[in-house]
Amino acid sequence: MPLSLFHVDNPQGDIDLVLSGVEAEQLHARLSLLLNSVNLSRVGAL
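So for the sequence shown, this note's numbering puts the first residue at 622; every next one is plus one.
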């Protein structure tokens, strides 16, 4: 899976990320939790 690296909206490079199926599922679950918590905190601030 291609992965682009950023630091505060500034591109830092591209690498290939190689994960097992289990690792990919764990990464997806963790990122989903993080993104949902950010979205919920924004909704709560409105």
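Just so it is clear, CB atoms sit at the ideal spot from N, CA and C, and this is done for glycine as well.
In this chain, the beta strand (DSSP E) harbouring aspartate 635 covers 631–637. Taking C-beta atoms as the reference points, leucine 648 and leucine 640 count as a pair closer than 9 Å. In the three-state reduction of the DSSP assignment, serine 641 falls in the coil class. Assigned with DSSP and collapsed to three states, histidine 649 falls in helix.
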